[in-house]
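Worksheet for the structure shown next.
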Amino acid sequence: MAKPENFLVACDLGTSKICVLIGEQNPRGALDVIGKGAAANRGTRKGNIVNVDATIEAIKRAAEEAEIMAGVQIARAWVGVSGSNVRSFNSRGVVAVAGKDREITRDDVARVVDAARGVQIPQDHEVVHVVPREFAVDGQDGVADPVGMVGARLEADVHVVTAPVAVTQNIVTCMNKAGIEVVQLVLEQFAAAEAVLSTDEKELGICLIDIGGGTTEVAVYQKGSIAHTAVIPIGGDHFTNDLAVVLRAPITDAERIKKKFGSALRSAVGEDEMVEVPMVGGRAPKLCPRTTLSDILQPRAEELLGLVQEDLQRLGLDKELRSGVVLSGGGAELDGLVEVAESIFQGPVRRGVPSGVGGLVDVVSRPEWATATGLLLYGHRYKPVRRGGKGLARITSSVSRMFRDFF
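Heads up: the sequence shown runs through residues 3 to 409, numbered per our numbering.
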């Protein structure tokens, strides 16, 4: 099996399952998906690894499936990071322009971005991303790329993402023990955005809500750059557990019923529709009105989306979403969720289907593959910083490179 020196690999360590994609650059320079694998994951809870052995085995199963389909051996991968302990904030840095003629260079930009990221973070956290949002030259705001401009004072607004050291180390450890090197950890919101959001949407203002198994990741873009990221500790598994508890059904059956018959919008369900529900303990199944499923699912949907709306309102971002809201992730496939979101956000809402890749498009054309597809696209767009050994290369390890990639 050939080693994929010219291939890209993405690994989405989800709470419910692990998804692996293999991509290859075609002669036109675009990316084709040539392999995919998925495996149920019982080693992660709310985005955090809680069982190393279970996670390693799930990674191996998903990777092997993708390798067989693609006919290549996975050596390294771009890996998503998420979880309720991931933190983010906006920061601002200021420096004096160094050159004699006051013409701003990339070195000046690197210094101001470094100054902006030099804020105090918890001792047990480390920086995962520093993303430039915009620059200002001598008080002139809204500068996208200041290189070549003349000025004495350069300022930068950046978005900083941090994660607990233990979280990132556990991810790297599991990947390495599964035989895969981590090229870079990528915030899952950034990855999903690569796959489901357009440039115009980011420019006009858009909120991405990526609903995973254990958590929901939120990202807001304004004027083409990231404005806010957040994690809500509710995901698709909570919907499933609600059904299992109220209906007294096994978890696996509750998940199946949710996907096949569930709707987050009661008004869209016929009053006479019935669903057969298996009982725990091997008891005889019972018939349940489909409206009962909606009575369980709709309040949870309203709670989740309401928490996102409260977060946006707190920051004054709710009125800036000219492009509306995009739902992605496996949880976004629940019927009626778009309509519930439209009523809460009072604006246009759509499901985000991954795009931007060729090849096996049909196998990744569902919202649940948004993060994995986005990781491929992210890796294709941003060159990695390579280090010796099986370590972790981050975008923040070279600020000048980071600026070059984003602009």
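Cβ atoms here follow ideal geometry from the backbone N, Cα and C, with glycine treated the same way.
Bear in mind the structure is a predicted one, so any value in this text is a computation, not a measurement.
Cα-Cα separation, residue i to residue j
i: Ser345; j: Ala303; result: 12 Å
i: Leu378; j: Gly358; result: 10 Å
i: Ala194; j: Lys321; result: 23 Å
i: Gln190; j: Leu249; result: Looking at the sequence provided, one finds Glu at residue 190 rather than Gln. Rounded to the nearest angstrom, the two C-alpha atoms are 33 Å apart.
i: Arg155; j: Asp140; result: 5 Å
i: Val222; j: Gly39; result: 30 Å
i: Asp255; j: His240; result: 14 Å
i: Asp116; j: Ser93; result: 11 Å
i: Ala372; j: Pro29; result: 24 Å
i: Phe9; j: Ala165; result: 28 Å
i: Thr17; j: Val351; result: 25 Å
i: Ala32; j: Thr375; result: 13 Å
i: Cys21; j: Lys102; result: 52 Å
i: Gly120; j: Ala197; result: 31 Å
i: Ile253; j: Leu245; result: 8 Å
i: Ala229; j: Gly150; result: 25 Å
i: Ile173; j: Val167; result: 10 Å
i: Lys19; j: Thr57; result: 10 Å
i: Glu341; j: Glu335; result: 12 Å
i: Phe137; j: Ser227; result: 12 Å
i: Gly214; j: Gly207; result: 23 Å
i: Ile298; j: Val145; result: 48 Å
i: Glu26; j: Gly361; result: 9 Å
i: Arg338; j: Lys48; result: It is worth fixing the name first, because residue 338 is Gly in this sequence and not Arg. Near 24 Å, if we compare the C-alpha coordinates of Lys48 and Gly338.
i: Gly318; j: Lys179; result: 44 Å
i: Val220; j: Gln75; result: 33 Å
i: Glu105; j: Gly381; result: 32 Å
i: Val365; j: Gly354; result: 15 Å
i: Pro356; j: Arg368; result: 7 Å
i: Asp34; j: Glu370; result: 18 Å
Cβ-Cβ separation, residue j to residue i (assumed contact under 8 Å), whole Å
i: Val282; j: Leu295; result: Contact doesn't hold; Cβ gap of about 17 Å is too wide.
i: Ala79; j: Cys176; result: The Cβ separation is near 12 Å, so there is no contact.
i: Leu187; j: Val54; result: Between Val54 and Leu187 the Cβ distance is about 17 Å, and since that is not below 8 Å, they are no contact.
i: Val96; j: Val114; result: 7 Å
i: Ala118; j: Val160; result: 4 Å
i: Val328; j: Phe347; result: The pair is not a contact, with the Cβ atoms about 11 Å apart (cut-off 8 Å).
i: Val169; j: Gly85; result: 6 Å
i: Ala60; j: Gly73; result: Not quite, the Cβ-Cβ distance comes to about 22 Å (not below 8 Å), so this is no contact.
i: Leu306; j: Thr218; result: 6 Å
i: Gln300; j: Ala266; result: 5 Å
i: Ala251; j: Val279; result: 5 Å
i: Leu23; j: Val81; result: Incorrect: roughly 12 Å between the Cβ atoms, too far for contact.
i: Gly349; j: Leu323; result: 6 Å
Residue range of the unbroken alpha helix (DSSP H) whose run includes residue i
i: Leu307; result: 292 to 316
i: Arg383; result: 372 to 383
i: Gly238; result: 238 to 249
i: Lys204; result: 201 to 206
Burial state of residue i, where buried means 16 or more other Cβ atoms lie within 10 Å
i: Phe263; result: buried
i: Arg388; result: Note that Arg388 has pLDDT 45, beneath the 50 cutoff, so the model's placement of it is unreliable and the number below is only indicative. That one is exposed.
i: Pro134; result: buried
i: Ile36; result: buried
i: Glu183; result: buried
i: Ser200; result: exposed
i: Ser269; result: exposed
i: Pro287; result: exposed
i: Arg63; result: buried
i: Phe192; result: buried
i: Glu275; result: exposed
i: Ala4; result: Low confidence applies to Ala4: its pLDDT is 49, below 50, so where it sits in the model is not reliable, and the reading given next is rough at best. Its Cβ having fewer than 16 others within 10 Å, Ala4 is exposed.
i: Asp70; result: Here residue 70 is Ile; the residue named in the question, Asp, does not match the sequence. When all chains shown are included, Ile70 counts as exposed.
i: Gly393; result: With a pLDDT of 38 at Gly393, under the threshold of 50, the modelled position of that residue is not reliable, and no figure is offered here.
i: Pro148; result: buried
i: Gly216; result: buried
i: Gly237; result: buried
i: Leu289; result: exposed
i: Val11; result: buried
i: Ala42; result: exposed
Range covered by the beta strand (DSSP E) that runs through residue i
i: Glu157; result: 155 to 166
i: Ala232; result: 227 to 234
i: Arg30; result: Neither: Arg30 is in no beta strand (DSSP E) and is coded neither H nor E.
i: Gln142; result: 142 to 145
i: Leu189; result: 183 to 189
i: Ala221; result: 218 to 224
i: Leu15; result: 9 to 15
Report task. Just list the beta strand (DSSP E) runs in the region 55 to 126, keeping only unbroken ones of 3 residues or longer that don't cross its boundaries, in chain order. Result -> Positions of the beta strand (DSSP E) runs, each at least 3 residues long and wholly inside the region 55 to 126, are given as 78 to 83, 89 to 98 in order along the chain.
Requested in this report: Could you name each continuous beta strand (DSSP E) segment of 3 residues or more that falls completely within the region 246 to 286, going from the start of the chain to the end?
Outcome: Fully enclosed beta strand (DSSP E) runs of 3 or longer: 276 to 279.
**Report entry** alpha helix (DSSP H) segments (min. 4 residues) lying fully within the region 326 to 367
**Finding:** List check, alpha helix (DSSP H) in window: 339 to 347.
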